[in-house]
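Take a look at the structure below.
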């Protein structure tokens, strides 16, 4: 008899945790997606500026050596891509965690909820 009560307590606890964590996970997920989109935009701008600097350097005699700046932009682009990959991995892990918690909660609810009897014959 103690086991069903423990299962109910576990389910209530799991439901509480899911209710508490779900909004946080969803907010983090939204923010990660926004950051990733910003980084994609930043990478495009870096590429555009680097291309413009290369064109200026090739077509005009400029007193400043622009290759060093192009190299810095390329390094910045590489770092942005690295951070983007890290964010993608973190987002994937969060999604897997959310899925696992939801799946476990559904499983526990199914164990506790008795099947409804069929229609009377």
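In this note's numbering, the protein residues as written are 3 to 123. From the three backbone atoms N, C-alpha and C, an ideal C-beta is built for every residue, glycine too.
Residue 26 sits away from residue 107, with the two beta carbons spaced by 8 Å or more. Within the model, the alpha-carbon separation for residue 91 versus residue 43 is close to 19 Å.
In this model, residue 105 and residue 10 are separated by some 16 Å (Cα to Cα).
Look at residue 115 here: in three-state DSSP terms it is coil, with no helix or strand label.
In the structure shown, residue 106 falls within a helical segment according to DSSP collapsed to helix, strand and coil.
Put simply, the stretch 68-87 does not touch the stretch 27-35. Fewer than three CB pairs are less than 8 Å apart. In the structure shown, residue 8 falls within a helical segment according to DSSP collapsed to helix, strand and coil. Assigned with DSSP and collapsed to three states, residue 62 falls in coil, not helix or strand. Under the three-state reduction of DSSP output, residue 67 falls in the coil class, being neither helix nor strand.
In this structure, the straight-line span from the alpha carbon of residue 97 to that of residue 45 is close to 25 Å.
Sequence-distant partners of residue 111 (beyond 5 residues in either direction) whose C-beta falls short of 7 Å from its own C-beta, in its chain, are 13.
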